[in-house]
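**Student:** Below you'll find the structure I mean.
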Amino acid sequence: MTDYEYWELKQIEKSPKYPFSMGQLHYFMLKRHQNKLEKAVRKIGKRIYIRMDLFNDWIEKQAKEKEQV
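In structure tokens, the structure reads:
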């Protein structure tokens, strides 16, 4: 069994590694089914957790798609 790292949105916002505001993160969560981020999101009750390896992959895919356009 592999251990995955899950972060809350607050942790991502406070991290210097990620340039996202809380508003941007909420928008990503609202549109997660359209922007293909749903694989990285785990919802437990009202709390939302992000699987960080998949989130980082998603960020890289966004950059690659933008380069191709």
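The sequence shown begins at 1081 in the numbering used here and counts up one residue at a time. In this text, a Cβ means the ideal position worked out from N, Cα and C, and glycines have one as well.
1) If you compare alpha carbons, which of P1096, Q1148 and I1128 is closest to L1089?
2) Between R1112 and P1096, what straight-line distance do the alpha-carbon atoms span, to the nearest angstrom?
3) Go to Y1181, then tell me how far its alpha helix (DSSP H) extends in each direction, as first and last residue.
4) Kindly give me the distance between the Cβ atoms of Y1086 and R1131, rounded to whole angstroms, as I take these residues to be in contact under 8 Å.
5) With burial defined as no fewer than 16 other Cβ atoms inside 10 Å of the residue's Cβ, what is the status of L1110: buried or exposed?
6) On the criterion of 16 or more Cβ atoms from any shown chain inside 10 Å, does A1049 qualify as buried, or is it exposed?
**Tutor:** If we stick to the structure as given:
1) I1128
2) Each residue's alpha carbon lies about 23 Å from the other.
3) Outside the shown range of the chain, which is 1081 to 1149, sits residue 1181, and nothing can be said about it.
4) 6 Å
5) Exposed.
6) Here the chain covers residues 1081 to 1149 and nothing more, so residue 1049 does not appear.
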